[in-house]
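The structure under discussion appears below in the form of structure tokens.
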Amino acid sequence: MYTSTRATTPQSLSFEEVVMTGLAPDGGLYLPSSIPKIPIADWSSLSFQDLAFQIMRLYIPSSEIPDSHLSSLISKSYASFKSDEITPLYNVNENLYLLELFHGPTYAFKDVALQFVGNLFEYFLQRKKSNPITVVGATSGDTGSAAIYGLRAKKDVKVFILYPTGRISPIQELQMSTVPDENVHALSVNGTFDDCQDIVKAIFADKSFASYNVAAVNSINWARILAQITYYFYAFYRVKGTVRFVVPSGNFGDILAGYFAYRMGLPIDKLIIATNENDILDRFLKSGVYAKGSSVKSTHSPAMDILVSSNFERLLWYLAEGSDSERGGTVCSYMDSLKREGSFSVPNSVLSQAREIFDSSSVTNDATIATIKKFYASHKYVIDPHTAVGVNTALRFLENHPATYISLSTAHPAKFSEPVNKALASFPEYSFDKIIPDDLKRLSSLKKRVTYVDASLEAVENAIKHLY
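Going by UniProt numbering, the residue at position 261 of the sequence shown is 261; the numbering climbs one at a time, nothing skipped.
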């Protein structure tokens, strides 16, 4: 059963309730109040799909989704992936692997979760013949296109994705704005990702908007995190032995899935947070102070251009002491302080717990470009700027802490032509045209459908009402 990170009285919600509502009425995020431990060796020979079934079965009661239905949902979700392994490993050298998470329909790691979430929404709606839902999400780039591709043409689902104008890559925008299905809409917001995220949260809290049955696809939706746990287990079984995962991190959802895998018993030595110059997570682990900073820096890795990492709230709940209700009160006090003062600090006991499993680093814009260039020179393998942040971090950690590192490769390089071309222009054999998939090439010839709105709750809600 599930509870909210901000609940101060006992809660017991079903899986379906937390998936379909997304954000809790108290503004908190849903999570399981206990994490199951599993026998690691038993699943080593399973396919990705079968492994996903075993993991999800631990968190989804069969009374809500029977075995045959869950198996079908998983198979359907990964049928469109371009690799039979779904998330294959690339062996860089004896100490470093890249976990390729970009083989889904939109070439980003978000597909692993959002193909499943889209099918979940449809499953629950059709089974109960519920009223249509309105999916509202904020994206710093990849979540939006993955959500749209996961939900396009779904019956009884309307989709509205907010993204910051001019702060995502051209291909990411085309992936969202050229989908012809009438049930999906791209909203370009004159602001930052944090503005978009704040507006989405405000929509969930707006009781006057309740008739639209709002649902979430961002990583605030627990099903997103659940689906991402699988590839930590899948990668571990293919490397064997204790490993360190390096995760390019913005909203903290991807690495949070790794934390759940660790708590379930996966022998992870460290989960290393790799940030760009928007380094709130790195600063927290070094100081115990979670502070917004003055403004978002625009970087070559825009999916991580975030001031406040929403999913960090879930980790804080697990690190807090006391009963579930006492933890909820502690998280409420942190979030209230963040809202009022722009920061909060945690006791040394909480910081020490976090440091037991997490480490971190930040990577500059120049270092990101240099890493893309150096990696191509050494391996003739093109990485995107977010993956470069992870690789740079992994290589630096390797110098002082020899171990087996798995760095998450979160997006296809073709989605970020400007920084990739900047890094590789000096190589005579390199051509961007050679690495861009045909279906991404065709996007520029398609008709765009995008609505431009101001960064305010009223403007966004009016746009949704007009487009509905």
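Ideal placement from N, C-alpha and C gives every residue a C-beta, glycine not left out.
Any idea what DSSP makes of residue i, helix, strand or coil?
i: D269; result: strand
i: G293; result: coil
i: E100; result: strand
i: A411; result: strand
i: I133; result: strand
i: Y334; result: helix
i: P32; result: strand
i: Y452; result: strand
i: L307; result: coil
i: Y262; result: helix
i: I406; result: strand
i: S80; result: coil
i: residue 484; result: Outside the shown range of the chain (1 to 468) lies residue 484, about which nothing can therefore be said.
i: A41; result: helix
i: A24; result: coil
i: V382; result: coil
i: S360; result: strand
i: A216; result: coil
Under DSSP, the beta strand (DSSP E) around residue i begins and ends at which residues?
i: N93; result: 89–93
i: S4; result: 2–4
Span of the alpha helix (DSSP H) holding residue i?
i: D156; result: Neither: D156 is in no alpha helix (DSSP H) and is coded neither H nor E.
i: F193; result: 193–205
i: A370; result: 365–379
i: R244; result: Not the alpha helix (DSSP H): R244 falls in the beta strand (DSSP E), residues 243–248.
i: S345; result: Taken as a continuous stretch (DSSP letters only), S345 belongs to no alpha helix (DSSP H), being part of the beta strand (DSSP E) at 343–345.
i: F236; result: 222–239
i: A459; result: 457–467
i: S349; result: 348–357
i: Y170; result: One point to set straight first is that residue 170 is Pro, not Tyr, in the sequence displayed. 170–177 is the span of the alpha helix (DSSP H), which, as asked, contains P170.
i: L187; result: No alpha helix (DSSP H) contains L187, which is instead part of the beta strand (DSSP E) from 184–190.
i: E122; result: 110–128
i: E16; result: 15–21
i: G141; result: No alpha helix (DSSP H) contains G141, which DSSP labels as neither H nor E.
i: R167; result: From DSSP, R167 is part of no alpha helix (DSSP H); its letter is neither H nor E.
i: G390; result: 385–400
i: I435; result: 432–435
i: F48; result: 48–57
i: D439; result: 438–441
i: K422; result: 417–424
i: F284; result: 280–287
i: I312; result: Checking the sequence shown, residue 312 turns out to be Phe, not Ile. Counting along the chain, the alpha helix (DSSP H) containing F312 begins and ends at 312–319.
Please classify residue i as buried or exposed, where buried requires at least 16 other C-beta atoms within 10 Å of its C-beta.
i: R340; result: exposed
i: A423; result: buried
i: L23; result: buried
i: R6; result: buried
i: L467; result: exposed
i: F121; result: buried
i: Y452; result: exposed
i: L271; result: buried
i: N218; result: buried
i: K155; result: exposed
i: V289; result: exposed
i: F427; result: exposed
Note down the Cα distance separating residue i from residue j, rounded to an integer number of angstroms.
i: E399; j: V382; result: 23 Å
i: I55; j: L29; result: 21 Å
i: L319; j: Y234; result: 26 Å
i: Y174; j: T8; result: Here residue 174 turns out to be Leu, not Tyr, going by the sequence shown. Their backbone Cα atoms lie some 43 Å apart in a straight line.
i: S310; j: V460; result: 20 Å
i: N213; j: P132; result: 7 Å
i: K110; j: P25; result: 25 Å
i: E94; j: T21; result: 44 Å
i: P170; j: I268; result: 36 Å
i: V179; j: A455; result: 23 Å
i: I255; j: N183; result: 31 Å
i: L316; j: Y430; result: 45 Å
i: I199; j: D279; result: 22 Å
i: T275; j: S337; result: 24 Å
i: C196; j: A303; result: 13 Å
i: H300; j: H412; result: 14 Å
i: V135; j: N251; result: 19 Å
i: S208; j: I464; result: 14 Å
i: Y262; j: D433; result: 40 Å
i: S287; j: V350; result: 12 Å
i: residue 518; j: V18; result: Any answer about residue 518 is impossible in this case: the structure gives the chain only from 1 up to 468.
i: S75; j: L440; result: 25 Å
i: L187; j: V157; result: 17 Å
I think residue i touches residue j, with their Cβ atoms under 8 Å apart; what is that distance to the nearest whole Å?
i: P248; j: H103; result: The pair is not a contact, with the Cβ atoms about 17 Å apart (cut-off 8 Å).
i: G137; j: L101; result: At roughly 19 Å, the Cβ-Cβ gap does not stay under 8 Å, so G137 and L101 are not in contact.
i: L307; j: V296; result: 5 Å
i: F48; j: I86; result: 4 Å
i: I168; j: G141; result: 4 Å
Kindly examine the ligand ADP and report whether one of its heavy atoms sits closer than 8 Å to the Cβ of residue i.
i: A113; result: Absent from the structure shown: the ligand ADP. Ligands present: none.
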